[in-house]
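Inspection log for the structure reproduced underneath, given as structure tokens.
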Amino acid sequence: MAAAFCAGAHAAEANVNTLAAQAGTPAQLARLAKRFEPVELRADVSHLSAGDRAAIAKLIEAAKIVDVLQLRQRWSQNEALWDALKKDATPLGKARLDYFWLNKGPWSHLDGNQSFMPAEYKGIKVPAHKPAGANFYPEGATKESLEAWMNALPPEDKQDAQWFFTTIRSGADGKYKIVKYSDEYRPELEKLGALLREAAASTDNASLKKFLTLRADAFLSNDYLESDFAWMDLDSPVDITIGPYETYNDELFGYKAAFEAYVSIRDDKETNKLNFFGKYMQELEDNLPMDKKYRNPKVGAMAPMVVVNEVYGAGDGNMGVQTAAYNLPNDERIISKRGSKRVMLKNVQEAKFKSTLTPIARLVLCPEAQKDLDFDSFFTHILAHEIMHGLGPHATKIDGKDSTPRQDLKEAYSTIEEAKADVTGLWALMYMMDKGLLKDTLGQGEAAGRKLHNTFLASAFRTLHFGLTDSHARGMAIQFNYLLDKGAFVSHGDGTFSVDFKKIKQAVADLDREFLTIEATGDYARAKEMMAKYVVIRPDVKKALDKMKTVPNDIRPRFTTAKSLVK
Numbered sequence: 001m002a003a004a005f006c007a008g009a010h011a012a013e014a015n016v017n018t019l020a021a022q023a024g025t026p027a028q029l030a031r032l033a034k035r036f037e038p039v040e041l042r043a044d045v046s047h048l049s050a051g052d053r054a055a056i057a058k059l060i061e062a063a064k065i066v067d068v069l070q071l072r073q074r075w076s077q078n079e080a081l082w083d084a085l086k087k088d089a090t091p092l093g094k095a096r097l098d099y100f101w102l103n104k105g106p107w108s109h110l111d112g113n114q115s116f117m118p119a120e121y122k123g124i125k126v127p128a129h130k131p132a133g134a135n136f137y138p139e140g141a142t143k144e145s146l147e148a149w150m151n152a153l154p155p156e157d158k159q160d161a162q163w164f165f166t167t168i169r170s171g172a173d174g175k176y177k178i179v180k181y182s183d184e185y186r187p188e189l190e191k192l193g194a195l196l197r198e199a200a201a202s203t204d205n206a207s208l209k210k211f212l213t214l215r216a217d218a219f220l221s222n223d224y225l226e227s228d229f230a231w232m233d234l235d236s237p238v239d240i241t242i243g244p245y246e247t248y249n250d251e252l253f254g255y256k257a258a259f260e261a262y263v264s265i266r267d268d269k270e271t272n273k274l275n276f277f278g279k280y281m282q283e284l285e286d287n288l289p290m291d292k293k294y295r296n297p298k299v300g301a302m303a304p305m306v307v308v309n310e311v312y313g314a315g316d317g318n319m320g321v322q323t324a325a326y327n328l329p330n331d332e333r334i335i336s337k338r339g340s341k342r343v344m345l346k347n348v349q350e351a352k353f354k355s356t357l358t359p360i361a362r363l364v365l366c367p368e369a370q371k372d373l374d375f376d377s378f379f380t381h382i383l384a385h386e387i388m389h390g391l392g393p394h395a396t397k398i399d400g401k402d403s404t405p406r407q408d409l410k411e412a413y414s415t416i417e418e419a420k421a422d423v424t425g426l427w428a429l430m431y432m433m434d435k436g437l438l439k440d441t442l443g444q445g446e447a448a449g450r451k452l453h454n455t456f457l458a459s460a461f462r463t464l465h466f467g468l469t470d471s472h473a474r475g476m477a478i479q480f481n482y483l484l485d486k487g488a489f490v491s492h493g494d495g496t497f498s499v500d501f502k503k504i505k506q507a508v509a510d511l512d513r514e515f516l517t518i519e520a521t522g523d524y525a526r527a528k529e530m531m532a533k534y535v536v537i538r539p540d541v542k543k544a545l546d547k548m549k550t551v552p553n554d555i556r557p558r559f560t561t562a563k564s565l566v567k
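In terms of full-length UniProt numbering, the sequence shown is residues 1 to 567.
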């Protein structure tokens with residue numbers, strides 16, 4: 001599953017924008033962009049058939065339409081601003097266009113989604129911060145008015161209003177109305193569907209052909225269920241994710257899905273290494289640190305896990321901080337029956353480890369711990385994080401009515417769920433290592449434990465380095481501060497930290513119990529309480545972050561292989 005503290009923080013800072021004053025020259029904008037280190041993303045395509053190569057070329061063409069859709073979803077004036085910037089041939093205009101494209105809008109992802117543009121540009125008024133509701137709801141609509149309207153709807157209409165694939169608009173009568181994505185974005189979705197059908201005609205792979213055909217149908221029917229099941233069953237050298245999925249852009253409610261695309265090549269060797277996790281899904285669920293009554297007695301059949309090397313990313317799949325892995329779909333109807341599919345972007349993870357985590361570890365880990373930094377621990381924890389999105393509570397009953405944690409926790413859900421996946425992933429790896437189940441992957445015993453926890457500690461700073469504007473970073477702030485308070489992480493006062501190996505195991509289990517119980521009970525108040533207490537950067541942490549100012553925050557991919565495939 002990829003932002004200031006949702007709507008509340010944006011409202012508090014609505015008239016404060018310190019970034020624009022620091023982004024008024026090409027050199028200043030170049031410094032902002034430099035926080036993303038350019039990397040060449042390559043994938044081996046030598047084994048692909050001519051048909052699959054032709055299919056990839058069409059999918060890359062389709063992904064470029066996804067970029068346009070995501071721009072529109074992010075802000076109603078995004079496309080107009082993009083067009084205006086493309087016509088600005090001055091050095092400043094070119095620098096603005098470059099940073100706009102990196103962020104897919106005029107707000108800097110790493111700076112609390114503050115605007116780096118002037119308040120008005122070419123007649124377009126630019127909000128100081130990204131609107132919390134993006135372009136999914138009427139401009140100026142308050143959360144309270146939308147909630148009141150939704151709560152007054154008949155149950156079926158309310159579900160539609162809160163569904164992933166609808167927008168809310170103001171009708172001619174001034175009242176709110178529900179608009180399906182298939183109507184809202186019809187022209188672009190027709191083009192997308194046509195390109196997917198061309199790709200389907202090119203490939204000889206039956207499962208890829210089926211998914212692309214069904215997804216093309218879904219774009220116009222607005223019913224993604226059958227195509228999502230086909231995506232789960234995809235067994236092809238070409239791995240494609242395309243459509244509306246993640247809800248992070250909807251900071252008002254966390255309901256609405258943004259369009260994204262990942263065009264990748266499956267890494268069969270690495271994928272085969274991971275299949276053993278499937279044997280232990282039910283065992284992990286049965287031992288989660290929460291009340292037994294909340295555990296799922298029958299976890300869905302093992303969902304697929306695949307390791308890929310990314311060829312091209314677009315839309316929400318190539319905005320700001322790059323996704324290292326994803327766990328989809330988010331539709332609870334599918335998760336309850338089949339779980340969810342985990343996709344690991346190995347070449348992206350390798351680039352992040354080299355460009356960001358390695359230099360960070362040298363700065364924040366105490367000297368004796370630096371030797372424990374380990375790519376396999378980093379890679380496997382990301383895998384575990386994605387797996388844990390599929391375990392734990394996915395259905396609740398509030399006041400006798402069936403619900404889900406996503407609906408109950410509203411805008412807090414993404415932060416709590418990302419933190420739960422992180423810490424449950426760490427718990428699961430400790431559980432499996434204790435049983436000797438990962439000896440061929442991570443090893444076992446004290447040395448393996450040191451590598452796992454020291455790598456996790458360093459990786460926490462990699463996430464916090466982004467600032468608290470992202471669900472993952474806010475979730476990490478909760479984890480880090482909690483573990484500090486419990487003595488599992490130890491600050492040495494000089495910007496370096498270490499792990500107390502006598503305390504880490506129990507502290508992780510206790511924190512995991514908190515997250516799992518919040519989701520199982522739909523406790524919105526408790527979720528907000530945890531966020532208010534822990535989503536902060538404390539002085540000792542700031543001291544460490546201040547040392548990292550010359551370290552890239554993330555990578556900026558150059559899709560080298562994609563360029564070679566598109567004639």
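Each residue gets a CB set at the ideal place from its N, CA and C atoms; glycine is no exception.
Nearest neighbour of residue i, chosen from the options [CA to CA]
| i | options | result |
| --- | --- | --- |
| Glu260 | Tyr280, Glu529, Thr166, Asn249 | Asn249 |
| Thr203 | Val238, Arg42, Tyr176 | Val238 |
| Pro187 | Arg556, Gly495, Val66 | Val66 |
| Gln479 | Arg450, Arg538, Ile335 | Arg538 |
| Glu144 | Leu252, Asp372, Gly475 | Leu252 |
| Gly278 | Ala428, Leu195, Lys210, Glu332 | Ala428 |
| Glu270 | Arg96, Leu345, Thr90 | Leu345 |
| Val68 | Ala95, Pro329, Gly243, Lys486 | Gly243 |
| Ala395 | His385, Gln407, Glu386, Ala384 | Gln407 |
| Glu368 | Ile335, Leu409, Val499 | Val499 |
| Ala384 | Ile265, Thr424, Lys435 | Thr424 |
| Gly93 | Lys34, Trp163, Pro26, Lys158 | Pro26 |
| Met548 | Leu484, Tyr534, Asn481, Ala460 | Ala460 |
| Asp540 | Thr521, Val551, Lys505, Asp485 | Asp485 |
| Val45 | Ala128, Asp268, Leu146 | Asp268 |
| Phe489 | Ile398, Val535, Cys366, Thr380 | Cys366 |
| Thr441 | Thr380, Pro155, Arg450 | Thr380 |
| Thr517 | Leu234, Asp160, Tyr294 | Tyr294 |
Inter-residue spacing [alpha-carbon to alpha-carbon] between residue i and residue j
| i | j | result |
| --- | --- | --- |
| Tyr431 | Met388 | 13 Å |
| Gly254 | Ser414 | 7 Å |
| Arg526 | Phe515 | 10 Å |
| Gly174 | Tyr137 | 13 Å |
| Ile56 | Asp494 | 50 Å |
| Ile555 | Lys371 | 24 Å |
| Val299 | Arg333 | 13 Å |
| Gln114 | Trp107 | 5 Å |
| Ser227 | His465 | 37 Å |
| Phe497 | Thr560 | 38 Å |
| Leu19 | Arg558 | 26 Å |
| Glu139 | Trp149 | 16 Å |
| Asp52 | Lys158 | 42 Å |
| Thr213 | Val308 | 22 Å |
| Ala4 | Ile178 | Low local confidence applies: a pLDDT of 26 at Ala4 is under 50, so the model's placement there is unreliable, and no value is given. |
| Arg42 | Lys58 | 18 Å |
| Ser207 | Ile240 | 11 Å |
| Ser564 | Thr167 | 37 Å |
| Ala89 | Trp82 | 13 Å |
| Phe211 | Leu234 | 7 Å |
Under 7 Å between C-beta atoms of residue i and residue j
| i | j | result |
| --- | --- | --- |
| Val343 | Gln322 | no |
| Val364 | Ala507 | no |
| Leu468 | Ala458 | no |
| Ala473 | Thr463 | yes |
| Pro297 | Arg513 | no |
| Leu192 | Phe219 | yes |
| Gly105 | Trp75 | yes |
| Asn222 | Ser182 | yes |
| Glu519 | Ser471 | no |
| Ala85 | Arg72 | According to the sequence provided, residue 85 is Leu. The question's Ala does not apply to it. Contact flag unset, no. |
| Ala63 | Ala325 | no |
| Gly390 | Ser336 | no |
| Leu328 | Tyr245 | yes |
Whole-number beta carbon distance between residue j and residue i, since they are thought to touch under 8 Å
| i | j | result |
| --- | --- | --- |
| Ala50 | Val311 | Rounded, the Cβ-Cβ distance is 16 Å, inconsistent with contact. |
| Thr356 | Asn553 | 7 Å |
| Ala412 | Lys528 | 6 Å |
| Leu32 | Tyr121 | So it is not a contact: roughly 17 Å between Cβ atoms. |
| Met305 | Asn275 | 7 Å |
Residue i Cβ short of 6 Å to the ligand ATP heavy atom set
| i | result |
| --- | --- |
| Met232 | With respect to the ligand ATP, the structure offers nothing, as it holds no ligand at all. |
Are the segment 374-391 and the segment 437-457 in contact at 8 Å, needing three or more beta carbon pairs? yes
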